[in-house]
Amino acid sequence: AQSVSQHNHHVILSEAASLELGCNYSYGGTVNLFWYVQYPGQHLQLLLKYFSGDPLVKGIKGFEAEFIKSKFSFNLRKPSVQWSDTAEYFCAVKGYNQAGTALIFGKGTTLSVSS
Amino acid sequence: DAGVTQSPTHLIKTRGQQVTLRCSPKSGHDTVSWYQQALGQGPQFIFQYYEEEERQRGNFPDRFSGHQFPNYSSELNVNALLLGDSALYLCASSAGFTGELFFGEGSRLTVL
């Protein structure tokens with residue numbers, strides 16, 4: 057069965073620090089990968105996605121993620137975080153051959169950025 | 002352009018009762034998915050509706066059922082509520098099966 061593992065439960069950073077959130081998935085075939093973000097009091101929204109092509113994908117607000125197929129990983133990065141990046145971040149995977157759009161989510165990582 | 006809207010936002014039920022949650026998808030979207038998010042967990046897929054039929058189902062018991070209407074809106078029904086059903090229920094819509102989902106703010110269900 058597919059699963060997603062997010063290594064960090066809670067990350068605390070100061071503004072301007074660099075961020076890397078780990079995500080590993082288990083699935084034997086081709087995957088679509090996503091990072092969703094939930095800001096305090098807001099709904100889940102898509103941060104970035106990988107379907108195919110360049111394994112380094114860029115999303116909104118300066119975030120990027122790198123798909124490393126050999127490591128089954130899709131880590132999220134940002135060179136310099138801001139206080140407004142405080143949120144919960146979820147990695148999700150969809151099997152390419154899987155009908156429908158059921159996403160398997162990780163448990164999430166809470167990011168707290170202090171100013 | 003309205004996004005995904007869900008109702009009610011909060012509700013409290015007792016064990017054994019039944020609940021119905023409602024969702025209107027984002028304009029132009031024809032596919033609706035439901036997720037359960039327990040405290041401290043990521044969303045878990047319940048089922049997905051497309052063309053008024055359940056197209057895909059996650060690992061949830063038959064107590065969880067749903068419906069999609071011709072206008073693409075959807076309902077989630079849960080019968081014989083258990084304490085463990087307390088969670089945030091998220092509706093997500095999409096156009097097609099790309100996996101790019103647009104989420105509503107959720108319905109928080111508390112079962113006492």
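So the sequence lines, in the order shown, correspond to chains D and V. Positions 57 to 171 (my numbering) are the ones given, in order, by the first sequence. Positions 2 to 113 (my numbering) are the ones given, in order, by the second sequence. Idealized CB from N, CA, C, for every residue including glycine. Since the structure is predicted, the reported quantities are computational estimates derived from the model, not experimental observations.
Would you check if the distance between the CB atom of residue i and the CB atom of residue j is smaller than 9 Å?
i: Leu132 (chain D); j: Leu75 (chain D); result: yes
i: His99 (chain D); j: Thr165 (chain D); result: no
i: Ser28 (chain V); j: Ile47 (chain V); result: no
i: Gln19 (chain V); j: Tyr90 (chain V); result: no
i: Val172 (chain D); j: Val137 (chain D); result: In this structure chain D extends from 57 to 171, so residue 172 (chain D) is not present and cannot be described.
i: Arg16 (chain V); j: Leu113 (chain V); result: yes
i: Ala88 (chain V); j: Arg109 (chain V); result: yes
Apply the 10 Å Cβ neighbour rule to residue i and answer buried if 16 or more other Cβ atoms are within range, or exposed otherwise.
i: Ser75 (chain V); result: buried
i: Lys134 (chain D); result: buried
i: Asp86 (chain V); result: buried
i: Pro26 (chain V); result: buried
i: Leu77 (chain V); result: buried
i: Phe104 (chain V); result: buried
i: Tyr106 (chain D); result: buried
i: Phe70 (chain V); result: exposed
i: Asn88 (chain D); result: buried
i: Ala121 (chain D); result: buried
i: Ser108 (chain D); result: exposed
i: Gly97 (chain D); result: exposed
i: Ser82 (chain D); result: exposed
i: Ser171 (chain D); result: exposed
i: Ala143 (chain D); result: buried
i: Tyr73 (chain V); result: buried
i: Tyr36 (chain V); result: buried
Helix, strand or coil for residue i per DSSP?
i: Lys117 (chain D); result: helix
i: Gly85 (chain V); result: helix
i: Lys27 (chain V); result: coil
i: Ser126 (chain D); result: helix
i: Ser171 (chain D); result: coil
i: Ser75 (chain V); result: strand
Would you please state the rounded distance, in angstroms, between the beta carbons of residue i and residue j? I believe it to be under 8 Å.
i: Val5 (chain V); j: Ala93 (chain V); result: 7 Å
i: Phe90 (chain D); j: Pro44 (chain V); result: Actually they are not in contact, since the Cβ atoms of Phe90 (chain D) and Pro44 (chain V) sit about 12 Å apart, beyond 8 Å.
i: Gly67 (chain V); j: Tyr51 (chain V); result: Actually they do not touch by this definition, with Cβ atoms about 12 Å apart.
i: Leu103 (chain D); j: Tyr92 (chain D); result: 6 Å
For the candidate residues the options, whose alpha-carbon lies nearest to that of residue i?
i: Lys125 (chain D); options: D:Gln138, D:Gly84, D:Gln62, D:Ser168; result: D:Gly84
i: Gln155 (chain V); options: D:Ser170, D:Tyr145, D:Gly151; result: A question about residue 155 (chain V) goes unanswered here, because the residues of chain V that appear run from 2 up to 113.
i: Ala39 (chain V); options: V:Arg23, V:Leu84, V:Cys24; result: V:Leu84
i: Thr99 (chain V); options: V:Leu12, V:Val79, V:Asp31, V:Pro9; result: V:Asp31
i: Phe61 (chain V); options: V:Glu54, V:Asn72, V:Val79; result: V:Val79
i: Ser70 (chain D); options: D:Lys117, D:Gln94, D:Asp141, D:Ser82; result: D:Asp141
i: Phe123 (chain D); options: D:Pro111, D:Ile116, D:Lys117; result: D:Pro111
i: Lys14 (chain V); options: V:Leu102, V:Tyr36, V:Ala81, V:Glu106; result: V:Ala81
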